[in-house]
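Data block below; observations after.
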Amino acid sequence: MDSGKQNVVSVKGLCKSYNMGEIEINVLNDITFDIHKGDIVSIIGPSGVGKSTLLNILGTLDKPTAGNVYIDSEDVTEFNEDKLAHFRNKKIGFVFQFYHLLPELRVLENVLLPQMVRTSVLRWIKERKAARASPRP
Numbered sequence: 030m031d032s033g034k035q036n037v038v039s040v041k042g043l044c045k046s047y048n049m050g051e052i053e054i055n056v057l058n059d060i061t062f063d064i065h066k067g068d069i070v071s072i073i074g075p076s077g078v079g080k081s082t083l084l085n086i087l088g089t090l091d092k093p094t095a096g097n098v099y100i101d102s103e104d105v106t107e108f109n110e111d112k113l114a115h116f117r118n119k120k121i122g123f124v125f126q127f128y129h130l131l132p133e134l135r136v137l138e139n140v141l142l143p144q145m146v147r148t149s150v151l152r153w154i155k156e157r158k159a160a161r162a163s164p165r166p
């Protein structure tokens, strides 16, 4: 059904299984769904049904056994590790149940760390100095 809304995430035939010796454990079986711009989505279910596995795949931290994940119309299942890292840095955000901060950095520096990595630290420092020097409205 075409709702006329823009897909930001589209999952097609997603499967994930793990091999434990000779035993194959199927965690996700033929999952298909779309998330449209503006949708509010929650993933709920009892322990062990694959919620974290699905989130790891959607966050490009893990790859599916089969199927495709499209984020902003890009098939992220086809990306190599370098392209995935760049994509995650620009497009994916994670909210953790527990905060994971680098103890040697202030909170603000921890929050800004992805931007620093994205632009290069020296360029980031120059941009921050310029922003501080410019008059505020």
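Each number in our numbering corresponds to the 1-based position in the sequence shown with 29 added. We treat Cβ as the ideally placed atom computed from N, Cα and C, and that holds for glycine.
query: So does the segment 71-85 actually touch the segment 94-106, counting three or more Cβ pairs closer than 8 Å?
result: Contact fails: fewer than three Cβ-Cβ distances are below 8 Å.
task: Output the residue ranges of the beta strand (DSSP E) runs that lie fully inside the segment 35-69 and measure 3 residues or longer, sorted by chain position.
output: 36-49 and 52-65
- request: Starting from Asp-104, follow its DSSP beta bridges and name the residues at the other end.
  value: Tyr-99
task: Give the straight-line distance between the Cα atoms of Asp-111 and Asn-118, rounded to the nearest whole angstrom.
output: 11 Å
- prompt: Are there 16 or more other CB atoms within 10 angstroms of the CB of Lys-155, so buried, or fewer, so exposed?
  reply: By the 10 Å Cβ count, Lys-155 comes out exposed.
task: Please look up how many angstroms separate the CB atoms of Leu-57 and Gly-88, rounded, as I've assumed it's under 8 Å.
output: About 14 Å; that fails the 8 Å criterion.
Cβ neighbours of Ile-54 in the same chain (closer than 8 Å, five flanking residues each side left out): Ser-46, Tyr-47 and Asn-48
query: Relative to the C-alpha of Val-37, which residue among Leu-43, Ile-52, Asp-59 and Asp-63 is closest?
result: Out of Leu-43, Ile-52, Asp-59 and Asp-63, Asp-63 has the C-alpha closest to the C-alpha of Val-37.
query: Do Arg-59 and Gly-42 have their C-beta atoms within less than 8 Å of each other?
result: According to the sequence displayed, residue 59 carries Asp and not Arg. Cβ distance < 8 Å, so Asp-59 and Gly-42 count as in contact.
Three-state secondary structure (DSSP) of Phe-116: Phe-116: helix per DSSP, three-state reduction.
message: Between which two residues does the alpha helix (DSSP H) holding Asn-139 run?
response: 136-148
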